[in-house]
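Each protein sequence line maps, in turn, to chains L and R. Every letter in the first sequence is one number past the one before it in this note's numbering, and letter 332, counting from 1, is 332. Add 351 to the 1-based position in the second sequence for this note's numbering, that's all there is to it. Backbone N, C-alpha and C define an ideal beta-carbon position, used for all residues, glycine too.
Number of protein chains: 2
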Amino acid sequence: MNTNIVFTRDCAVGLKEKLEDVPFASLYLLADSNTSRFCLGHLGLDMFPVARRMVIPAGEGNKTLDTVARIWQWLSVSGARRNAVLLNVGGGVVSDMGGFAASCFKRGIRCVNVPTTLLAQVDASVGGKTGIDFNGLKNEIGTFSFPQWVLVDNGFLATLPFRQVLSGFAEMLKHALLAGNGHLEELLRADLSQVAEEPFLHLIEKSVAVKAAIVERDPEEQGVRKALNFGHTVGHAIESAAIAGGMEMYHGEAVAYGMVAELYLSVRKMGFDRQRYEAIRRFIQATYLPYVPVAGAEELYGLMLHDKKNEREGVNFSLLRAPGLFEVNCYCSREEILEALKEISHASDNS
Amino acid sequence: MNTNIVFTRDCAVGLKEKLEDVPFASLYLLADSNTSRFCLGHLGLDMFPVARRMVIPAGEGNKTLDTVARIWQWLSVSGARRNAVLLNVGGGVVSDMGGFAASCFKRGIRCVNVPTTLLAQVDASVGGKTGIDFNGLKNEIGTFSFPQWVLVDNGFLATLPFRQVLSGFAEMLKHALLAGNGHLEELLRADLSQVAEEPFLHLIEKSVAVKAAIVERDPEEQGVRKALNFGHTVGHAIESAAIAGGMEMYHGEAVAYGMVAELYLSVRKMGFDRQRYEAIRRFIQATYLPYVPVAGAEELYGLMLHDKKNEREGVNFSLLRAPGLFEVNCYCSREEILEALKEISHASDNS
Chain L
1 MNTNIVFTRD CAVGLKEKLE DVPFASLYLL ADSNTSRFCL GHLGLDMFPV
51 ARRMVIPAGE GNKTLDTVAR IWQWLSVSGA RRNAVLLNVG GGVVSDMGGF
101 AASCFKRGIR CVNVPTTLLA QVDASVGGKT GIDFNGLKNE IGTFSFPQWV
151 LVDNGFLATL PFRQVLSGFA EMLKHALLAG NGHLEELLRA DLSQVAEEPF
201 LHLIEKSVAV KAAIVERDPE EQGVRKALNF GHTVGHAIES AAIAGGMEMY
251 HGEAVAYGMV AELYLSVRKM GFDRQRYEAI RRFIQATYLP YVPVAGAEEL
301 YGLMLHDKKN EREGVNFSLL RAPGLFEVNC YCSREEILEA LKEISHASDN
351 S
Chain R
352 MNTNIVFTRD CAVGLKEKLE DVPFASLYLL ADSNTSRFCL GHLGLDMFPV
402 ARRMVIPAGE GNKTLDTVAR IWQWLSVSGA RRNAVLLNVG GGVVSDMGGF
452 AASCFKRGIR CVNVPTTLLA QVDASVGGKT GIDFNGLKNE IGTFSFPQWV
502 LVDNGFLATL PFRQVLSGFA EMLKHALLAG NGHLEELLRA DLSQVAEEPF
552 LHLIEKSVAV KAAIVERDPE EQGVRKALNF GHTVGHAIES AAIAGGMEMY
602 HGEAVAYGMV AELYLSVRKM GFDRQRYEAI RRFIQATYLP YVPVAGAEEL
652 YGLMLHDKKN EREGVNFSLL RAPGLFEVNC YCSREEILEA LKEISHASDN
702 S
């Protein structure tokens with residue numbers, strides 16, 4: 001695993017220990033308005049010489065080239081050198097954007113990520129993907145670049161709104177579907193009001209291990225890593241449409257709806273067990289907010305045609321034969337996709 | 352060597368052969384206004400399905416984030432996929448900026464570079480550095496990213512203005528000083544009116560080999576690669592000041608003046624032979640335009656403090672004990688630097 005992830009119940013101690021290992025001239029701290037308010041107090045930052053801090057507004061809508069340009073301007077004007085370290089404290093927006101900024105500033109400075117949302121802890125923490133949204137498309141611009149260290153402390157989740165807990169949990173469900181080793185049942189039984197407690201840290205660790213194992217086999221997403229896009233081909237289209245329409249939609253919510261559609265495609269094309277699909281659909285339906293259509297099916301299909309995985313005409317999915325048995329590069333037809341999209345509304349309508 | 356460089360007298364044939372090796376969905380061509388006018392005709396592009404072309408205005412002043420954003424917008428709107436290939440035809444500005452754009456678009460698409468200036472052929476063609484100018488600083492933002500292929504055809508140099516020939520020749524002098532194997536004498540005898548002829552292609556090839564050998568030992572510039580910055584610590588400061596002042600100054604001109612100052616520092620601190628220094632200074636003085644001060648010495652010193660190589664207080668130089676014997680991480684004092692800067696004016700004044 002190219003990323004060094006530390007699971008800890010005391011981030012301040014972990015951070016101090018790790019930063020002592022990294023010879024650095026100066027530390028730059030990037031946070032968003034939420035983490036600046038709720039999280040920085042837990043970092044023990046008075047123990048380090050933090051040169052400068054920058055706080056960006058929270059929210060995916062700020063994951064833009066403009067914000068990255070502001071980060072570069074801040075680093076450049078502050079005289080940050082190539083051996084500076086950028087400490088990204090926040091959700092995926094902060095680590096994606098801070099990671100991208102760091103990977104290009106003076107052709108690359110190091111960064112240390114402290115993910116403070118469940119989504120960032122189970123997903124953005126591993127894999128070395130950085131990026132920003134551009135031209136209305138998610139992560140259209142970015143790099144593959146690994147942070148020096150990632151510190152995962154689920155104590156931060158105590159102040160996380162429940163909708164955001166659910167957003168991260170969708171990625172955990174996805175990892176469990178890809179792993180297929182009983183981890184799925186463990187998650188379906190989990191008490192989501194206890195995500196900041198010690199036992200849940202072990203579920204996070206298991207979830208990260210699923211992703212890490214896949215990324216390790218294919219760091220640059222030439223093959224099997226595409227499996228991690230399960231639920232995301234439809235999910236990204238839903239999320240992009242929501243952004244374009246100014247509607248509030250969390251990444252994991254879009255992925256949860258996307259997984260319903262893509263499990264349906266898996267049933268239809270790959271022989272995934274229909275009853276198992278129905279059970280997962282009911283769970284998602286009972287757990288997540290009802291799906292509010294963010295765009296017409298044709299518009300969502302149009303967005304899927306922009307998906308980075310597509311290497312020829314059509315839309316490229318990663319689908320499942322069964323939990324743990326995935327297949328990448330499954331191209332589906334327009335008709336199949338439109339049919340699958342109906343299942344999402346169905347999942348909400350017929351509750 | 353991570354870059355595959357092909358030296359050829361018939362770029363069209365070389366390009367056709369190489370592109371046939373690269374499975375790609377679509378070809379995107381980036382050129383500047385000069386290369387669009389003088390060079391595209393020699394590429395045999397009618398043999399390929401070039402999906403789209405984009406022509407950017409020529410000149411370092413356009414190597415900006417705004418231009419990169421336009422390139423990204425163009426690729427994104429055209430529906431370029433992750434397996435697209437960006438063909439950069441032009442000088443260092445085109446390959447630096449096109450290379451940067453490609454390395455971040457959808458987290459990295461491939462590119463093929465066809466350098467059409469001597470500077471780009473001997474310098475930007477190898478080493479995987481991409482970048483743009485930002486906050487008034489050269490290459491402040493960029494990545495390390497290698498093109499799939501580089502095609503070097505010195506036939507393009509037939510239409511290159513002589514000042515630009517000299518600009519590239521300065522980097523060849525630098526490589527020769529770093530190699531120290533008699534290649535310097537060969538260059539000092541070269542007929543610069545014949546750069547587009549076959550014999551000169553071999554000098555280009557030798558020059559590239561010097562750089563390639565150094566880059567191979569240290570791709571990410573942790574150590575010996577810094578030697579390639581010889582002449583550039585002062586040179587970049589001069590060039591940055593010229594850009595800021597709206598004065599016309601070619602990169603290699605700034606490097607030629609920079610080498611005078613840094614050879615002087617080499618004499619003063621590293622025991623470089625003074626007579627040899629004087630001979631090279633006279634050659635540069637006789638060959639290049641007289642140095643027109645672009646900024647006061649204190650201002651140039653201030654710019655050097657921003658140099659990416661600096662890892663502590665002070666200015667970090669790569670200096671020479673003798674041709675072929677370089678040393679990196681030589682920090683010089685403000686006083687030494689101000690004294691060396693006088694040598695550049697001296698070189699022009701006392702001609």
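Closer than 8 Å, Cβ to any Cβ of chain R: which residues of the segment 223 to 238 of chain L, in chain order? Of all residues in the segment 223 to 238 of chain L, none has a Cβ within less than 8 Å of some Cβ in chain R.
May I have the straight-line CA-CA distance separating N580 (chain R) from E604 (chain R), to the nearest angstrom? The sequence position of residue 580 (chain R) within the second sequence is 229, counting from 1. The sequence position of residue 604 (chain R) within the second sequence is 253, counting from 1. Rounded to the nearest angstrom, the two C-alpha atoms are 15 Å apart.
Could you say which of L:L184, L:A295 and L:W149 lies nearest to Q121 (chain L) if we only look at CA atoms? As a first step, residue 121 (chain L) must be located in the first sequence, where it is residue number 121. Nearest of L:L184, L:A295 and L:W149 to Q121 (chain L), Cα basis: L:W149.
How many Å lie between L320 (chain L) and A170 (chain L) at the Cα? To locate residue 320 (chain L), count along the first sequence from 1; it is residue 320. To locate residue 170 (chain L), count along the first sequence from 1; it is residue 170. Distance between the alpha carbons of L320 (chain L) and A170 (chain L): 16 Å.
Tell me whether the beta-carbon of E686 (chain R) lies closer than 8 Å to the beta-carbon of A612 (chain R). Along the second sequence, read from residue 1 onward, the residue named residue 686 (chain R) stands at position 335. Along the second sequence, read from residue 1 onward, the residue named residue 612 (chain R) stands at position 261. It is not a contact, given that the beta carbons lie outside the stated cut-off.
Nearest CA to the CA of M398 (chain R): which residue from R:E571, R:L437, R:F456 and R:L366? Within the second sequence, numbered from 1, the residue matching residue 398 (chain R) stands at position 47. Comparing Cα-Cα distances from M398 (chain R) to each of R:E571, R:L437, R:F456 and R:L366, the minimum goes to R:L366.
Helix, strand or coil for E335 (chain L), going by three-state DSSP, please let me know. One-based indexing of the first sequence puts residue 335 (chain L) at position 335. Three-state result, E335 (chain L): helix.
By a C-beta neighbour count over all protein chains shown, 10 Å radius and 16 as the cutoff for buried, is R354 (chain L) buried or exposed? Here chain L has residues from 1 to 351 only, and residue 354 (chain L) is not among them.
Taking DSSP as the reference, what is the three-state secondary structure of Y28 (chain L)? By 1-based counting over the first sequence, the position of residue 28 (chain L) is 28. Y28 (chain L) falls in the strand class under three-state DSSP.
Enclosing beta strand (DSSP E) for M405 (chain R) [first to last residue]: Your numbering for residue 405 (chain R) matches position 54 in the second sequence. First-last of the beta strand (DSSP E) with M405 (chain R): V401 to I407.
Return yes when the Cβ of V126 (chain L) is within less than 8 Å of the Cβ of I284 (chain L), no when it is not. Numbered from 1 along the first sequence, position 284 holds the residue referred to as residue 284 (chain L). Numbered from 1 along the first sequence, position 126 holds the residue referred to as residue 126 (chain L). Not closer than 8 Å, so no.
Cut-off 8 Å between Cβ atoms - residues of its own chain near E220 (chain L), not counting five sequence neighbours on either side: Taking the first sequence and counting its residues from 1, one reaches residue 220 (chain L) at position 220. So the list reads F144, once near-sequence residues are dropped.
Are there 16 or more other CB atoms within 10 angstroms of the CB of S240 (chain L), so buried, or fewer, so exposed? Counting from 1 along the first sequence, the entry for residue 240 (chain L) is found at position 240. Flag for S240 (chain L) reads buried.
Can you check whether the CB of D383 (chain R) is closer than 8 Å to the CB of V463 (chain R)? Start at 1 with the first residue of the second sequence, and residue 463 (chain R) comes out as number 112. Start at 1 with the first residue of the second sequence, and residue 383 (chain R) comes out as number 32. Their beta carbons are not under 8 Å apart, which means V463 (chain R) does not touch D383 (chain R) by this criterion.
Could you check the C-alpha separation between L470 (chain R) and I407 (chain R) for me, to the nearest Å? Your numbering for residue 470 (chain R) matches position 119 in the second sequence. Your numbering for residue 407 (chain R) matches position 56 in the second sequence. Going by the C-alpha atoms only, they are around 19 Å apart.
Measuring straight from C-alpha to C-alpha, what distance separates Q626 (chain R) and G410 (chain R)? In the second sequence, residue 626 (chain R) corresponds to position 275, counting from 1. In the second sequence, residue 410 (chain R) corresponds to position 59, counting from 1. Each residue's Cα considered, the two are about 37 Å apart.
A530 (chain R): which of R:I688, R:A578 and R:S544 sits nearest, CA to CA? On the second sequence, position 179 is the one that residue 530 (chain R) refers to. Among R:I688, R:A578 and R:S544, the Cα nearest to that of A530 (chain R) is on R:A578.
Expressed to the nearest angstrom, what Euclidean distance is found between the alpha-carbon atoms of A595 (chain R) and R514 (chain R)? Within the second sequence, the letter at position 244 stands for residue 595 (chain R). Within the second sequence, the letter at position 163 stands for residue 514 (chain R). So the alpha carbons of these two residues sit roughly 21 Å apart.
Express the C-alpha separation of H393 (chain R) and L337 (chain R) in angstroms, rounding to a whole number. Nothing about residue 337 (chain R) can be reported from this structure: the residues present for chain R run from 352 to 702 only.
State yes or no: is the beta carbon of W72 (chain L) nearer than 8 Å to at least one beta carbon in chain R? On the first sequence, residue 72 (chain L) is found 72 positions in, with the first residue counted as 1. Chain R, which has a Cβ nearer than 8 Å to the Cβ of W72 (chain L), makes this yes.
Can you tell me where the alpha helix (DSSP H) holding P323 (chain L) begins and where it ends? Indexing the first sequence from 1 puts residue 323 (chain L) at position 323. No alpha helix (DSSP H) contains P323 (chain L), which DSSP labels as neither H nor E.
From which residue to which residue does the beta strand (DSSP E) around N139 (chain L) run? Taking the first sequence and counting its residues from 1, the one referred to as residue 139 (chain L) is at position 139. Here the beta strand (DSSP E) through N139 (chain L) covers L137 to I141.
Given a cut-off of 8 Å, decide if A80 (chain L) and Y28 (chain L) are closer than it, judged by their beta-carbon atoms. Looking up residue 28 (chain L) in the first sequence gives position 28. Looking up residue 80 (chain L) in the first sequence gives position 80. Annotated as proximal: Y28 (chain L) and A80 (chain L), with beta-carbon spacing under 8 Å.
Under 7 Å Cβ-Cβ, which residues of chain L neighbour G493 (chain R)? As a position in the second sequence, residue 493 (chain R) is number 142, starting the count at 1. Going along chain L in sequence order, the residues near G493 (chain R) (Cβ under 7 Å) are C104 and R107.
If we ignore side chains and look at the alpha-carbon of each, how far apart do S702 (chain R) and L651 (chain R) end up? In the second sequence, counting from the first residue as 1, residue 702 (chain R) sits at position 351. In the second sequence, counting from the first residue as 1, residue 651 (chain R) sits at position 300. Model confidence at S702 (chain R) stands at a pLDDT of 41, short of 50, so the residue's coordinates are unreliable; what they give is reported in the following sentence. Using only the alpha carbons, I get a separation of about 23 Å.
Taking 8 Å as the threshold (beta carbon to beta carbon), is H306 (chain L) in contact with chain R? Sequence index remark: in the first sequence, residue 306 (chain L) carries index 306 (1-based). The beta-carbon of H306 (chain L) is placed less than 8 Å from the nearest beta-carbon of chain R.
To the nearest angstrom, how far is it from the Cα of N667 (chain R) to the Cα of G647 (chain R)? Numbered from its first residue, the second sequence carries residue 667 (chain R) at position 316. Numbered from its first residue, the second sequence carries residue 647 (chain R) at position 296. Approximately 20 Å between the Cα atoms of the pair.
Go through its chain and collect everything with a Cβ distance to T67 (chain L)'s Cβ below 8 Å, but skip five positions before and after it. In the first sequence, counting from the first residue as 1, residue 67 (chain L) sits at position 67. I56, M97 and I132, listed in sequence order.
Taking Cβ positions only, does F169 (chain L) come closer than 8 Å to chain R? To locate residue 169 (chain L), count along the first sequence from 1; it is residue 169. It does not: the Cβ of F169 (chain L) has no partner Cβ on chain R nearer than 8 Å.
In chain order, what residues of the same chain have a beta carbon less than 6 Å from the beta carbon of G586 (chain R), not counting five sequence neighbours either side? Sequence index remark: in the second sequence, residue 586 (chain R) carries index 235 (1-based). Within the same chain, G586 (chain R) has close Cβ partners A605, V606 and G609.
Start-to-end residues for the alpha helix (DSSP H) that takes in G252 (chain L): Here residue 252 (chain L) refers to the residue found at position 252 of the first sequence. H251 to M270 is the extent of the alpha helix (DSSP H) around G252 (chain L).
Straight-line Cα distance separating I337 (chain L) from M352 (chain R): Translated into the one-based positions of the second sequence, residue 352 (chain R) becomes position 1. Translated into the one-based positions of the first sequence, residue 337 (chain L) becomes position 337. Since pLDDT at M352 (chain R) reaches only 44, below the 50 mark, its modelled position is unreliable, and the value read off the structure follows with that caveat. When rounded, the distance between both Cα atoms is 45 Å.
When you compare the CB positions of T130 (chain L) and F100 (chain L), do they come within less than 8 Å of one another, or not? The residue you call residue 130 (chain L) lines up with position 130 of the first sequence. The residue you call residue 100 (chain L) lines up with position 100 of the first sequence. Taking 8 Å as the Cβ cut-off, T130 (chain L) and F100 (chain L) qualify as a contacting pair.
Which residues share a DSSP beta bridge with K63 (chain L)? Position 63 of the first sequence holds residue 63 (chain L). DSSP lists no partner for K63 (chain L).
Can you list the alpha helix (DSSP H) stretches of 4 or more residues lying completely in the segment 494 to 565 of chain R, in chain order? For the segment 494 to 565 of chain R, whole alpha helix (DSSP H) runs of length 4 or above, ordered along the chain, are 513 to 530 and 534 to 539.
Nearest-angstrom Cα separation, counted from G443 (chain R) out to A475 (chain R): Within the second sequence, numbered from 1, the residue matching residue 475 (chain R) stands at position 124. Within the second sequence, numbered from 1, the residue matching residue 443 (chain R) stands at position 92. Answer to the nearest angstrom: the Cα atoms are 6 Å apart.
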